[in-house]
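Down below is the structure, laid out as structure tokens.
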Amino acid sequence: MGKMYRKLALRGGEGGREWDDDVYEGVKKVYVGQDLSRITYIKFEYVKEDGEVVTREYGTITQDPREFIIEYPDEHITAVEGSYNKVALIATEVITSLVFKTSKGRTSPTFGPNLFGVVNGTKFKFEDEGKKIVGFHGRSDNAIDALGVYLVLDSLTTPFPLYKLDAQGGTEGRVWDDGSFDGVRAVRVCQDDHRITYLEFEYDKGGKSEKLHHGVKGGTSYEFVLDCPNEYIKSVEVTYDEPKLFQNTVITSLTFQTSSGRTSFFGYKVGGNGGVKWDDGVFDGVRKISIGQSYDVVSYVKFDYIKGTELVSGGEHGETLPEASELVLEDDEYLLSLGGYIDKSRGASRYIEAVKTNKRDSGESELNYGEKFTLGENGNKIVGFYGQASDVLHSIGVYVVRITSAE
Numbered sequence: 001m002g003k004m005y006r007k008l009a010l011r012g013g014e015g016g017r018e019w020d021d022d023v024y025e026g027v028k029k030v031y032v033g034q035d036l037s038r039i040t041y042i043k044f045e046y047v048k049e050d051g052e053v054v055t056r057e058y059g060t061i062t063q064d065p066r067e068f069i070i071e072y073p074d075e076h077i078t079a080v081e082g083s084y085n086k087v088a089l090i091a092t093e094v095i096t097s098l099v100f101k102t103s104k105g106r107t108s109p110t111f112g113p114n115l116f117g118v119v120n121g122t123k124f125k126f127e128d129e130g131k132k133i134v135g136f137h138g139r140s141d142n143a144i145d146a147l148g149v150y151l152v153l154d155s156l157t158t159p160f161p162l163y164k165l166d167a168q169g170g171t172e173g174r175v176w177d178d179g180s181f182d183g184v185r186a187v188r189v190c191q192d193d194h195r196i197t198y199l200e201f202e203y204d205k206g207g208k209s210e211k212l213h214h215g216v217k218g219g220t221s222y223e224f225v226l227d228c229p230n231e232y233i234k235s236v237e238v239t240y241d242e243p244k245l246f247q248n249t250v251i252t253s254l255t256f257q258t259s260s261g262r263t264s265f266f267g268y269k270v271g272g273n274g275g276v277k278w279d280d281g282v283f284d285g286v287r288k289i290s291i292g293q294s295y296d297v298v299s300y301v302k303f304d305y306i307k308g309t310e311l312v313s314g315g316e317h318g319e320t321l322p323e324a325s326e327l328v329l330e331d332d333e334y335l336l337s338l339g340g341y342i343d344k345s346r347g348a349s350r351y352i353e354a355v356k357t358n359k360r361d362s363g364e365s366e367l368n369y370g371e372k373f374t375l376g377e378n379g380n381k382i383v384g385f386y387g388q389a390s391d392v393l394h395s396i397g398v399y400v401v402r403i404t405s406a407e
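Position one of the sequence shown corresponds to residue 1 (UniProt numbering), numbered consecutively onward.
Okay, here's the thing in structure tokens:
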């Protein structure tokens, strides 16, 4: 039977890069590292449906991490408690303590700096009547900036609770509420040079289509079609601002991410013309790289990933071209680094050409196309990409994990 999951929002600061492990059958081990003021490192050992153990780790090891073992499959995590605070020399809040509780009534040690068991900062707790925690998401760089969890709910064949999240954005305009449906078939968006002007949702209710719309049609129209009921929207990211010539706060961009790993972006990034942020997330590896080159600038990129035994297609980032250069990796091949050139005067990537894997190396051009960059880290493989794009690729970054001896 299918399962339904609930994603609880991040608690903590705004620093670091966002990551998302998605959901698994269970959690087998948790490792936590700290320094004198904060949680600096966390590693999870997950178990997939086929019994394979998958490891995900974030942050920086400054001291030997401590381990908390869950007796999977007879035991699971039911609650995570913690705190976050500002610490010396850090501009944003970071996670300062963590405690894990299990279905067998066990409680982990208090991870993080605590004098006589006392922790400082804003406290938080993830828990929902003993429901099983099956995944984590968060933000991190040199430390763990924020943390959130996934909870497994009831099977799809039985009723499950609905959660209405608070609306984000301004307070002007009329309030609307579409209610709940079985799924979303399509999203249609109109935008002008400053904001999202129109939204139309095509819902599925008992196999029948129902359309509801809000705002005024105008500007450029876009459509995002989902493979309902096999695909569903799992997250929506919103930016809002008060653009020039406007007296109220409005939605400036929308990002929809689906259960199939696809991402669709509408609108404009707040604060400049550097495109819209995109983030494919973290996977087991990269299978295919697609790059669209338009004269002297990269117009778009697209990556296909491996997640377990499945092939997951990342979103198309930038302006899609009829033709693109493609590199397909073999089953036992993984990506070590990706390089190219940036034109800082235009705020865009000019070329991406230097690709290195464990089996091949394309090398670098002898020509000077701008400021050179290389993405990757020795001893690690690339397992995901993020960046910013509009009609060109403005920036690009990578997620890496340590190469294991088995690879």
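C-beta: ideal position from N, C-alpha, C; glycine also.
A straight-line Cα-Cα distance of about 17 Å links Ile144 and Glu45.
Contact holds between the region 190 to 199 and the region 214 to 229, because three or more Cβ pairs, one in each stretch, are under 8 Å apart. For Leu36, the closest alpha carbon among the candidates Val87, Asp21, Val47, Arg17 is that of Val87.
Beyond the five residues adjoining it in sequence on each side, Asp279 comes within less than 7 Å, by CB distance, of Glu18, Tyr386 in the same chain, given in chain order. For the 7 Å CB-CB criterion, Asn85 and Asn120 form a contact. In the DSSP assignment, Asn380 falls within the beta strand (DSSP E) that extends over 380 to 389. Per DSSP, the beta-bridge partners of Phe136 are Val149.
If you look at Trp278, you'll find it in the beta strand (DSSP E) that goes 276 to 279. Judged by DSSP secondary structure, Leu375 falls within the beta strand (DSSP E) whose first and last residues are 371 to 376.
Val99 is classed as buried because its beta carbon has at least 16 other beta carbons within 10 Å across all chains shown.
Beta-bridge pairing by DSSP links His214 to Leu199. By the Cβ-count criterion, Gln34 is buried, with 16 or more other Cβ atoms from all chains shown falling within 10 Å of its own Cβ.
The beta-carbon distance between Leu393 and Val298, rounded to whole angstroms, is 4 Å. This is short enough to meet the 8 Å contact definition.
In the displayed model, Asn85 falls within a strand according to three-state DSSP. By the 16-neighbour rule on beta-carbons within 10 angstroms, Thr252 is buried.
Assigned with DSSP and collapsed to three states, Gln168 falls in coil, not helix or strand.
If the five residues before and after Val23 are omitted, its C-beta is found closer than 6 Å to the C-beta atoms of Tyr5, Val134, Gly135, Tyr150, all from its own chain and listed in chain order. According to the DSSP assignment, Lys28 belongs to the beta strand (DSSP E) that extends over 26 to 34. Under DSSP, the beta-bridge partners assigned to Gly59 are Tyr41. By the Cβ test, the region 25 to 34 is in contact with the region 60 to 73, since at least three Cβ pairs between them sit closer than 8 Å. Thr249 is bridged by DSSP to nothing; it lacks a bridge partner. The three-state secondary structure of Lys101, taken from DSSP, is strand. Note: Val236 is bridge-paired with Phe256 in the DSSP secondary-structure output.
Cβ atoms of Thr357 and Leu336 come within 8 Å of each other, at about 6 Å. Where Glu231 is concerned, there is no enclosing beta strand (DSSP E), because DSSP gives it neither an H nor an E. Ranked by Cα distance from Tyr334, the options Asp304, Ala91, Gly206, Phe265 are led by Asp304. Under the three-pair Cβ rule at 8 Å, the region 58 to 65 does not count as touching the region 165 to 185.
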